[in-house]
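Chains as they are written, first to last, in this note's numbering: chain A, 277 to 668; chain B, 2 to 95.
We put the beta carbon where it would ideally sit given N, CA and C, even for glycine.
Okay, structure first, notes after.
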């Protein structure tokens, strides 16, 4: 059986990396680095984790070193945040295109300027087009579970893509909750040894990322798209088998709360989905037929699962904690684009962008916003398609 | 780093990998605008041209001195620059 320990979201990630027996961690020790790699350094120092910590000179090098270690056959891990993630952006693409399994935790924070250390999803959603699988936790337990699962997903031969796991800075990163750690032996058996498609071996020269013709390049990109499709199934299988191991099964790419008889669906991702669930519970108690869909993976985008829930509902309200300036929130955009393949008669769909730069959004805010949305649609009126919800 | 706890399960997708092989990019000597020409009388057989050649097309033998594989020499001129005895001259291609 597992044991319960009170840990922060950052430590939950560190414990997950340790229990997945990572062999190499590369990190640059400055803000915006987090206590994830601090804790991993402690584990290595104390001998609890048999791994090599590479202290590099920048985040760009941190992911480059992680990539190199992974190519050489190591289970490799790194973590970063906001500007650190932006700085390593070039290597983010390299890693996915080389099809090397790597896991990276992103303690999400907004992007400057102005300089701001508070959480939103700006840095994370900026990674949508990189070819990484993108998962996001709601609480410290799920962050632990997702991080462990990320290795299994990344190293599946049907996938062989790197995985990022997001958790909000401060809200999860710095707050403590009891997290159940599985039994190490059972987890070892479940996760299995490191698996990858090819490895650097000094005895046989190998060129990686050499010049390729346009057609070859395009075919490699097309294969990443195919692998993303297969990853949907793999993520569900991993959720299923991990559920058998630990008793915690989340539902795959999305989690539904009260969706079965819902006429309205509220969608959110990350820690604030907890506040949304609380608000919707209150609305349901008052007779509002609302369900919550929590996005656990934005890449691959779970459109099939979402359509199954949304097909037949009257209204959908999508909360985005990031904005594509000049357009809308990213989850909203992906949802509407994806639904267009199923129907020409979309339900009423509204997008609320909020919580940017760490602005606090509480269950009371969610209660008012969802109630207002349902009331407008019930009156037969059209609510605004896009609202930037902001208050001081 | 390749340890015993590693499974290589080949990837079914296309990956940007290649095995280095002579001439894999065609006869790159075609790119040359200047050709290094060796004056074997001046050559002191120091091997610097062979060591420095970035595409590994020069061989220096004790008896015959340097020979250059013009099929792949791109004419970069590094050999001419490092030669301590001025035995390699860059001559414009016709």
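| Asked | Found |
| --- | --- |
| If contact is defined by three or more beta carbon pairs under 8 Å, each pair taking one atom from either stretch, is the region 344-353 of chain A in contact with the region 374-381 of chain A? | yes |
| Below 8 Å on the Cβ atoms is my guess for residue 550 of chain A versus residue 641 of chain A; work out the distance and round it to an integer in Å. | At roughly 13 Å, the Cβ-Cβ gap does not stay under 8 Å, so residue 550 of chain A and residue 641 of chain A are not in contact. |
| Roughly how many angstroms separate the alpha carbons of residue 600 of chain A and residue 664 of chain A, rounded to a whole number? | 12 Å |
| If you check the beta carbons only, do residue 495 of chain A and residue 15 of chain B fall under 7 Å apart? | yes |
| Is the region 558-568 of chain A touching the region 521-535 of chain A in the sense that three or more CB pairs, one from each, lie closer than 8 Å? | yes |
| Residues of chain A with CB closer than 9 Å to the CB of residue 8 of chain B, please, in chain order. | 431, 468, 469, 470, 471 and 472 |
| Going along chain A, which residues have a C-beta under 9 Å from residue 89 of chain B? | Within chain A, no residue comes near residue 89 of chain B; the closest Cβ sits about 28 Å away, beyond 9 Å. |
| Rounded to whole angstroms, what's the CA-CA distance from residue 4 of chain B to residue 38 of chain B? Just pull it up for me. | In this predicted model, residue 4 of chain B has a pLDDT of only 48, less than 50, meaning its place in the structure is not dependable enough to derive any value. |
| Just to confirm, are residue 329 of chain A and residue 301 of chain A a CB contact at a threshold of 7 Å? | yes |
| On the DSSP bridge assignment, give the partners of residue 664 of chain A in chain order. | A/629 |
| Counting only C-beta atoms, is residue 340 of chain A closer than 7 Å to chain B at any point? | no |
| Taking the alpha-carbon of residue 432 of chain A as reference, which of A/460, A/402 and A/470 has the nearest alpha-carbon? | A/470 |
| Could you give the C-beta distance for residue 540 of chain A and residue 594 of chain A, rounded to a whole number, given that I count them as a contact under 8 Å? | In fact, because the Cβ distance is near 12 Å, the residues do not count as touching under 8 Å. |
| Excluding the 5 residues flanking residue 417 of chain A on each side, which residues of the same chain have their C-beta closer than 6 Å to its C-beta? | 455 |
| When the Cα atoms are used, what is the spatial distance from residue 586 of chain A to residue 548 of chain A? | 21 Å |
| Given residue 676 of chain A, which residues of its chain have a CB within under 8 Å of its CB, disregarding the five upstream and five downstream residues? | In this structure chain A extends from 277 to 668, so residue 676 of chain A is not present and cannot be described. |
| Since residue 493 of chain A and residue 293 of chain A should fall inside the 8 Å C-beta cutoff, what is the C-beta to C-beta distance between them, to a whole number of angstroms? | Their Cβ separation, rounded to whole angstroms, is 33 Å, which puts residue 493 of chain A and residue 293 of chain A out of contact at 8 Å. |
| Would you tell me roughly how many angstroms separate the C-alpha atoms of residue 579 of chain A and residue 484 of chain A, rounded to the nearest one? | 34 Å |
| Alpha carbon to alpha carbon, what distance is there between residue 452 of chain A and residue 285 of chain A? | 7 Å |
| For the region 552-580 of chain A, enumerate the residues whose C-beta is nearer than 7 Å to any C-beta of chain B, in chain order. | none |
| Report buried or exposed for residue 280 of chain A, applying the criterion of at least 16 other Cβ atoms within 10 angstroms of its Cβ. | exposed |
| Could you give the DSSP three-state label for residue 390 of chain A: helix, strand or coil? | coil |
| With the cut-off set at 7 Å, would you say residue 397 of chain A and residue 364 of chain A are in Cβ contact? | no |
| Suppose you measure from the CA of residue 612 of chain A to the CA of residue 30 of chain B; what does that come to, to the nearest Å? | 54 Å |
| Just checking: is the beta-carbon of residue 375 of chain A within a distance shorter than 7 Å of some beta-carbon in chain B? | yes |
| According to DSSP, is residue 303 of chain A part of a helix, a strand, or is it coil? | strand |
| Under 9 Å, CB to CB, which of the residues in the region 26-59 of chain B have a partner in chain A? | 26 |
| Buried or exposed, going by whether 16 or more other CB atoms sit within 10 Å of the CB of residue 442 of chain A? | buried |
| Measure from the C-beta of residue 481 of chain A to each C-beta in chain B and report whether the shortest distance is under 7 Å. | yes |
| Please confirm whether residue 73 of chain B has its beta-carbon closer than 7 Å to some beta-carbon of chain A. | no |
| By Cβ distance below 8 Å, which residues in the same chain neighbour residue 85 of chain B in space, the five residues on each side in sequence not counted? | 45, 47 and 49 |
| Could you please give the first and the last residue of the uninterrupted beta strand (DSSP E) stretch that includes residue 596 of chain A? | 591-596 |
| Under DSSP, the beta strand (DSSP E) around residue 354 of chain A begins and ends at which residues? | 352-356 |
| Which one of A/643, A/372 and A/630 has the shortest CA to CA distance from residue 498 of chain A? | A/372 |
| Only counting the same chain, and skipping five residues up and downstream in sequence, which positions put a Cβ closer than 6 Å to that of residue 425 of chain A? | 514 and 518 |
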